[in-house]
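Numbering (this note's numbering), first residue to last: -9 to 129.
From the three backbone atoms N, C-alpha and C, an ideal C-beta is built for every residue, glycine too.
Predicted, not measured: the structure shown is a model, and the values here were computed from it.
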Amino acid sequence: ILLPVESIMNAEQVARAEQNFRDRNAGFFTHHTVQRGDTLYDIARRYGTTVTNIRTMNNLRSNTIHPGQRLQILGSPSGQGGGSAGSGVYVVQRGDSLDTIARKLNVSVNHLLTRNNLSEQVRDGRRIVIIHPGQRLNY
């Protein structure tokens, strides 16, 4: 969020504005689970963002991150690693679930739901999303 230097917004107003932005853009956020050897710089390059943006979004006080840590990131992976060579399309395989696909692609389930106009159904008190082998999902 950019504010003019002469702006008199207090911290509470800025926090509300940031939350509004996050709410409006929820489908564009993804998550990255830190792997051994990851650096904020490498993660930022992969998602087309900056170290400062990642630190700000995750309230990090330093550049120190740990394997297993889950970071919220605005954007989606540039295609390095997982997925189908940066095509932005994943073909569902037998045994896949949205959760396993999201983990493979380093995106959130919400991102997949939004990008593919998928809706959850309630069956036997459980929320489910029906996908099938061969189905193409954008990410």
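Counted within 10 angstroms of its Cβ, other Cβ atoms place residue i as buried (16 or more) or exposed
i, result
"Y37", "buried"
"A7", "exposed"
"V97", "buried"
Where residue i sits in the DSSP three-state scheme
i, result
"L50", "coil"
"R26", "coil"
"V41", "helix"
"N96", "coil"
"Y129", "coil"
"Q111", "strand"
Other residues of its chain near residue i: CB distance less than 7 Å, five sequence neighbours each side excluded
i, result
"N128", "G78, V79, R105, N106"
"V99", "L88, D89, A92"
Residue i: first and last residue of the uninterrupted alpha helix (DSSP H) it sits in
i, result
"N100", "99 to 105"
Spatial neighbours of residue i in its chain, beta-carbon cut-off 6 Å, leaving aside the 5 residues before and after
i, result
"M47", "Q62"
"N53", "L30"
"V81", "R126"
"R84", "P123"
Own chain, CB closer than 8 Å to residue i, minus 5 neighbours either side, in chain order
i, result
"V24", "I33, I55, H56, P57, G58, Q59, R60, L61"
Residue span of the beta strand (DSSP E) that contains residue i, given as start and end
i, result
"I63", "60 to 64"
"I118", "116 to 118"
"P81", "Residue identity differs from the one stated: residue 81 is Val in this sequence, not Pro. Per DSSP, V81 belongs to the beta strand (DSSP E) from 79 to 81."
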